[in-house]
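> Numbers in our numbering are just positions in the sequence shown, counted from 1, shifted up by 21.
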Amino acid sequence: MKNFHVAVIGGGVIGSALAWELCHYKIDVVVFEASSDVAFGTSKANSGVIHSGINSPPSSLKARFCVEGNRMFQSLSNELGFPLKWIGKYVIAKNWDEIKELERLTNIGNQNKVNGLEIHEGFLVKKKEPRISCVAGLWVPTAGIIAPYECTIALAENAVENGVRFLLETKVEYLKKKSDHFAIGTNKGEFQADIVVNAAGLNCREIVSFIETPDFQVYPCRGEYLVLDKTYGSLVHSMVYPIPVKELGVLGVHITPTVDGNILLGPSAEFLDDFSDTGTTKDMMKLLLQEAREILPALPENATINAYSGIRCKLSCPKTGGWSDFRIEESQQHSGLIHLLGIESPGLTAAPAIAKEVTKMISSEMKLEKKISVKIRPVQRKRFSEMSMQEQSALIEKDERWGRMICRCEQVTEAEVINALLNPLRAQTFSSVKYRCRAGMGRCQGGFCTQHIVRIMEQQLQIDVSKLKLKSPTSHLFTGKVRKEKK
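1) With distances taken between CB atoms, is the gap from G232 to K199 smaller than 8 Å?
2) Verify whether the separation of the beta carbon atoms of S330 and T299 is less than 8 Å.
3) Take the Cβ of Y195 as the centre, count every other Cβ of all protein chains shown within 10 Å, and call the residue buried at 16 or more, exposed below.
4) Between the stretch 30 to 41 and the stretch 60 to 70, do at least 3 Cβ pairs fall closer than 8 Å?
5) Apply the 10 Å Cβ neighbour rule to M410 and answer buried if 16 or more other Cβ atoms are within range, or exposed otherwise.
6) Can you tell me the Cα-Cα spacing of S493 and E190, whole angstroms?
7) Under the rule that 16 or more other beta-carbon atoms within 10 Å means buried, what is E178, buried or exposed?
8) CB-CB under 7 Å to Q354, same chain, minus the five flanking residues each way: which ones, in chain order?
9) Counting only runs of 3+ residues fully inside the stretch 275 to 320, write out the beta strand (DSSP E) ranges in chain order.
10) Look up K505 in the DSSP assignment and say whether it is helix, strand or coil.
11) Checking 8 Å against the spacing of the C-beta atoms, do R333 and S366 come in under that value?
12) Let me check understanding here. Comparing Cα to Cα, which of K377, E378 and R348 lies closest to I364?
13) Once the 5 residues before and after L336 are set aside, which same chain residues still bring their CB inside 6 Å of it?
14) Would the beta-carbon of E435 fall within 8 Å of that of I397?
15) Which residues share a DSSP beta bridge with I349?
16) Under 8 Å between the Cβ atoms of K115 and E418?
17) Are the CB atoms of I71 and I129 nearer to each other than 8 Å?
18) Using a Cβ-Cβ cutoff of less than 6 Å, which residues in the same chain neighbour A319 once the five nearest sequence positions on both sides are dropped?
19) Quick test of your reading: Y262 and K83, contact by CB under 8 Å. State the CB separation rounded to the nearest angstrom.
20) Write down every uninterrupted run of the beta strand (DSSP E) in the stretch 412 to 499 whose length is 3 residues or greater and which is fully enclosed by it, in chain order.
21) Per DSSP, what kind of secondary structure is Q238 in: helix, strand or coil?
22) Determine the contact status of I474 and V454, defining contact as a CB-CB distance below 8 Å.
23) Does the contact criterion of 3 or more C-beta pairs under 8 Å hold for the stretch 87 to 102 versus the stretch 144 to 158?
24) In terms of DSSP beta bridges, what is W160 paired with?
25) Is the beta carbon of K23 sitting closer than 8 Å to the one on F212?
26) For F203, which residues of its own chain have a beta-carbon under 6 Å away from its beta-carbon, when the five flanking residues on both sides are left out?
27) Hey, quick one: how far does the alpha helix (DSSP H) through G36 stretch, first residue to last?
28) With 8 Å set as the bound, which would you pick, yes or no: does the beta-carbon of R425 sit closer than that to a beta-carbon of chain C?
29) Check whether the Cβ atoms of M260 and P235 sit closer than 8 Å, and answer yes or no.
30) Alpha carbon to alpha carbon, how far is S406 from S45? Give it in angstroms, no decimals.
31) Report yes if the CB atom of A371 is closer than 8 Å to the CB atom of C87, and no otherwise.
32) If we ignore side chains and look at the alpha-carbon of each, how far apart do I228 and S68 end up?
33) Rounding to the nearest angstrom, what Cα-Cα distance links A374 and T302 in this structure?
34) For a test of the three-state rule: what should DSSP assign to D118, helix, strand or coil?
35) Does the stretch 46 to 56 come into contact with the stretch 242 to 251, if we say contact requires no fewer than three beta-carbon pairs (one atom in each stretch) closer than 8 Å?
36) Near T137, which residues of its chain fall below 8 Å by C-beta distance, leaving aside the five closest residues on each side in sequence?
See the structure below:
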């Protein structure tokens, strides 16, 4: 099948949220994703924060969709089974001059109808966060945390279970408007669609340029993070942010607990020329630790177990100011072509609200009829490590693979690794396994479990070990044998 009602370009959180929203209607939908899995770009490499709406100017699209999206996430979590915790956040003033900024943020939040905002004096902040150094803090109770890749995967997989097609490792190479449809050329052949949605993130300008002249530039801005060992997970209980950096249009280096018990430090903000440079640097690691210690002086030197980075899709260059609004618009030249441009933070929070808005735009082009019913996922899928002894024993009795521990750090079993490989998207790289069951994400970063995951992948996929991929079609886990086998 190569003819669709709607084609979505990009399988990040925006594209996956739209696919999930559209799977509730009687239409044929396809998502083209160039990577080997969804959420392999910016959508997995962020703070995983569900923002409240205190940073975006009133009347902006960022403010509107952030607040709307925030209010939708609990029902999404309930329906799709990904973890969500409403732990709240503090924006702190390190000195008396910064209190004016807390008042400004409170005013913005009130205009955006964010509930429960309170400015606490330093001693009150200390009661909740005794290790934090500040003179005052703005308490934002409606801020939450998720694992962004789990959320995106849940959206995409449930969309597939309800009829949406996800074509992984499928790069869009051209886009043409025909008389009554669009022709979409890919590395896997040409497809047709009545409506095309450009949700390509950092590559949104490239998609626009296939069919019209872009009136904007994309300025990639790298943000690096440090991941702390779970041993230090109790250093803070809520998110802690500094006063935002106005010049860069970013929120600054903050301290963020994760739903899995680690703490994140970051992100940095560094404008680059290379859209794909997701490297991490020793100098930035030192700077992140230094800035984090200004907030949390008790932060240990040796608490870091990993570092990663993501690239923000900014439409404003650093010289003119880092803030710019979302652009969600239909092409003026080609009806039925919808562009989602500059979707950076709070894009994760805004994703479900943006999906609803785009669905409304699509409904003006074609009739959308709701399905009578859709398949839903169980409420909150438990990991083996979170189960009671009785639950664990019952599973092992039925299938002994539940009793074989593959990842010691994260307590991931062989059955969980196999289930990760059997995902509805048919994503089968090492990283796809990791992001579905957390094997390899613990303290040793795969030092123990990699060999066991490779064995399971080889057995389940029934392919030679030399063909196993890390995270893309060209990233081979093995390049050859260390020694030749005896004849």
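A virtual CB, placed ideally from N, CA and C, is assigned to each residue, including glycine.
Concretely, from the data shown:
1) Within the sequence shown, residue 232 is the residue found at index 211, counting from 1. Within the sequence shown, residue 199 is the residue found at index 178, counting from 1. The displayed chain sequence assigns Ile, not Gly, to residue 232. Taking 8 Å as the Cβ cut-off, I232 and K199 do not qualify as a contacting pair.
2) Counting from 1 along the sequence shown, the entry for residue 330 is found at position 309. Counting from 1 along the sequence shown, the entry for residue 299 is found at position 278. Against a cut-off of 8 Å, the Cβ pair of T299 and S330 comes out as a contact.
3) Counting from one through the sequence shown, the residue named residue 195 turns up at place 174. Classification for Y195: exposed.
4) yes
5) Against the sequence shown, residue 410 aligns to sequence position 389. Burial call: exposed.
6) Translated into the one-based positions of the sequence shown, residue 493 becomes position 472. Translated into the one-based positions of the sequence shown, residue 190 becomes position 169. When rounded, the distance between both Cα atoms is 8 Å.
7) By one-based count along the sequence shown, residue 178 stands at place 157. Under this definition E178 is a buried residue.
8) Position 333 of the sequence shown holds residue 354. Once the five neighbours on either side are set aside, the close Cβ partners of Q354 are E233.
9) 275 to 278 and 284 to 287
10) Counting from one through the sequence shown, the residue named residue 505 turns up at place 484. K505: coil per DSSP, three-state reduction.
11) Taking the first residue of the sequence shown as 1, we reach residue 333 at position 312. Taking the first residue of the sequence shown as 1, we reach residue 366 at position 345. Their beta carbons are under 8 Å apart, which means R333 touches S366 by this criterion.
12) To locate residue 364, count along the sequence shown from 1; it is residue 343. With distances taken between Cα atoms, I364 lies closest to R348.
13) Against the sequence shown, residue 336 aligns to sequence position 315. So the list reads F237, S345 and G363, once near-sequence residues are dropped.
14) Start at 1 with the first residue of the sequence shown, and residue 435 comes out as number 414. Start at 1 with the first residue of the sequence shown, and residue 397 comes out as number 376. No; because the gap between Cβ atoms is not below 8 Å, this pair is not in contact.
15) Reading the sequence shown from its first residue, position 328 is the one you call residue 349. L361.
16) Counted from its first residue, the sequence shown places residue 115 at position 94. Counted from its first residue, the sequence shown places residue 418 at position 397. No; because the gap between Cβ atoms is not below 8 Å, this pair is not in contact.
17) Here the question's residue 71 lines up with position 50 in the sequence shown. Here the question's residue 129 lines up with position 108 in the sequence shown. No.
18) Along the sequence shown, read from residue 1 onward, the residue named residue 319 stands at position 298. Closer than 6 Å at Cβ, skipping near neighbours: R152.
19) Taking the first residue of the sequence shown as position 1, residue 262 is located at position 241. Taking the first residue of the sequence shown as position 1, residue 83 is located at position 62. With a Cβ gap of about 17 Å, Y262 and K83 do not count as contacting.
20) 426 to 428
21) Within the sequence shown, numbered from 1, the residue matching residue 238 stands at position 217. The answer is coil: DSSP assigns Q238 none of H, G, I, E or B.
22) For the purposes of this step, residue 474 is identified with residue 453 of the sequence shown, where counting begins at 1. For the purposes of this step, residue 454 is identified with residue 433 of the sequence shown, where counting begins at 1. Yes. Within cutoff.
23) no
24) To locate residue 160, count along the sequence shown from 1; it is residue 139. DSSP, once it has assigned bridges, lists Y111 and E139 as partnering W160.
25) Translated into positions along the sequence shown, residue 23 becomes position 2. Translated into positions along the sequence shown, residue 212 becomes position 191. Yes; because the gap between Cβ atoms is below 8 Å, this pair is in contact.
26) By one-based count along the sequence shown, residue 203 stands at place 182. So the qualifying residues of the chain are A214 and V217.
27) Here residue 36 refers to the residue found at position 15 of the sequence shown. Looking at the DSSP string, the run of the alpha helix (DSSP H) that includes G36 is V34 to L43.
28) Chain labels in this structure do not include chain C; a single protein chain is all it has.
29) Reading the sequence shown from its first residue, position 239 is the one you call residue 260. Reading the sequence shown from its first residue, position 214 is the one you call residue 235. Contact: no.
30) Counting from 1 along the sequence shown, the entry for residue 45 is found at position 24. Counting from 1 along the sequence shown, the entry for residue 406 is found at position 385. Note that residue 45 corresponds to His in the displayed sequence, not to Ser. Their Cα atoms are separated by approximately 33 Å.
31) Along the sequence shown, read from residue 1 onward, the residue named residue 371 stands at position 350. Along the sequence shown, read from residue 1 onward, the residue named residue 87 stands at position 66. A contact, by the Cβ cut-off of 8 Å.
32) Against the sequence shown, residue 228 aligns to sequence position 207. Against the sequence shown, residue 68 aligns to sequence position 47. Using only the alpha carbons, I get a separation of about 27 Å.
33) Looking up residue 374 in the sequence shown gives position 353. Looking up residue 302 in the sequence shown gives position 281. Going from the Cα of A374 to the Cα of T302 covers about 35 Å.
34) Counting from one through the sequence shown, the residue named residue 118 turns up at place 97. In this structure, D118 counts as helix in the three-state DSSP scheme.
35) no
36) Position 116 of the sequence shown, counting from 1, holds the residue named residue 137. The sequence as given places Gly at residue 137; Thr does not occur at that position. Cβ within range, chain order: W160, V161, P162 and T163.
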